[in-house]
Amino acid sequence: MHIRCLEMQRKKGSSATCKSDDGRTVKKSKNGAPSTCPYLSTQRVQDLRDLSLSQVVDVESLIPMGREQQACPYYSSRSALADAQLIVVPYATLLHRSTREASGLKLQNSVVIIDEAHNLLETISSIHNVQVSCSSPIFALYFCINFKYDR
Ligand code: SF4
1 MHIRCLEMQR
11 KKGSSATCKS
21 DDGRTVKKSK
31 NGAPSTCPYL
41 STQRVQDLRD
51 LSLSQVVDVE
61 SLIPMGREQQ
71 ACPYYSSRSA
81 LADAQLIVVP
91 YATLLHRSTR
101 EASGLKLQNS
111 VVIIDEAHNL
121 LETISSIHNV
131 QVSCSSPIFA
141 LYFCINFKYD
151 R
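My numbering numbers the first residue of the sequence shown as 1 and each following residue consecutively.
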């Protein structure tokens, strides 16, 4: 997801409309840009989710599928998480709690397989690494006292 997506979702209430690339009528903002993403149709997102659950797809193939179905691949993949039997994610998504929770990934009752495990320790170290500057000793001391390990 990107900033423009969030901006479009925040701008609601505009009654003016414009035509999307495929000729459909969509709401637009004051500057003329569509205020909602034309790919954020609940039905088409669900259809793409169902399609992605019926076959093995990766992110690269989900994007053209979303373009073809005119449905958001991001929200489709997110809604497919609950029913997916195999989910492949980068280390950072798996190991960093905030990222994992933001992705809607739940590990309870799951089997986790770590590929390329020889990189695991280095990745964990880099994910949970914090650099504290000595130029601000009071801040560094405060940070060390209040540091909570985010698993
Ligand atoms: S395609 Fe999906 S992620 Fe992209 S702007 Fe539309 S709703 Fe947002």
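Yeah, the Cβ is synthetic: ideal placement off N, Cα and C, and Gly gets one too.
- When only Cα atoms are considered, C5 and E122 end up about 33 Å apart.
- Shown here for S54: not one same chain residue has a beta carbon closer than 6 Å to its own, the five before and five after excluded.
- Looking only at T36, D58, E60 and L81, the smallest Cα-Cα distance to Q46 is reached by L81.
- Rounded to the nearest whole angstrom, the CA to CA distance from R49 to E101 is 20 Å.
- With a cutoff of 8 Å on beta-carbon distance, Y39 and Q70 are scored as near each other.
- A direct Cα-to-Cα measurement between P137 and F143 gives close to 10 Å.
- In this structure, the CA atom of S52 is about 48 Å from the CA atom of F139.
- Distances from the CB of Y75 to the heavy atoms of ligand 1 include at least one below 7 Å.
- Contact annotation, M65 with V57: C-beta distance approximately 7 Å; criterion of less than 8 Å satisfied.
- The three-state reading of DSSP puts D58 in coil, since its state is none of H, G, I, E or B.
- Distances from the alpha-carbon of K106 to those of N119, Q43 and V88 put V88 closest.
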